[in-house]
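Just so you know, we're using this note's numbering here: the sequence shown kicks off at 1 and counts up by one.
Where a beta carbon is used, it is the ideal one built from N, C-alpha and C, also for glycine.
Only a predicted model underlies this, so the values are computations on that prediction, with no experimental measurement involved.
Notes follow the structure.
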Amino acid sequence: HYIDDLPILGVDGSLEDFAKNTAAVGKVFAKPGTGVAYNVATGKFFLITQALGGYIKGKNGHFYAYMLAVNNGEMPAIDDVFTIFEDVSQLSSMIYDSTENGKGIE
């Protein structure tokens, strides 16, 4: 299965260290994508995009395709990208939490 090749939230790969204390650990299979630039004139980093796309195995056992992205944000420091990555991971967990009745987010 192709899903087996994706990083798993809170378990392995590039998603191993994120959303560790959520019920979605082991239930989100997604590929992250990050684009960052540095503005020499302002001395600040700029987030072009931070995205996660893949599948969530819902509480009801169904798989849901999803994609989240944060675009175009100024960051004072490069480490801020990890905070944004954690936020996107937490949003993935919130989507997982909404799958109990098969309705998804309303």
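Can you give me the start and stop residues for the alpha helix (DSSP H) that residue i sits inside?
i: Ile95; result: 80–97
In this structure, does DSSP put residue i in helix, strand or coil?
i: Leu68; result: strand
i: Gly73; result: strand
Between which two residues does the beta strand (DSSP E) holding residue i run?
i: Ala30; result: 28–39
i: Phe46; result: 44–57
What do you reckon, are the CB atoms on residue i and residue j nearer than 9 Å?
i: Thr22; j: Gly10; result: yes
i: Lys31; j: Pro76; result: no
i: Phe29; j: Leu6; result: yes
i: Glu86; j: Ala24; result: no
Just grab the DSSP bridge partners of residue i for me.
i: Phe63; result: Lys57
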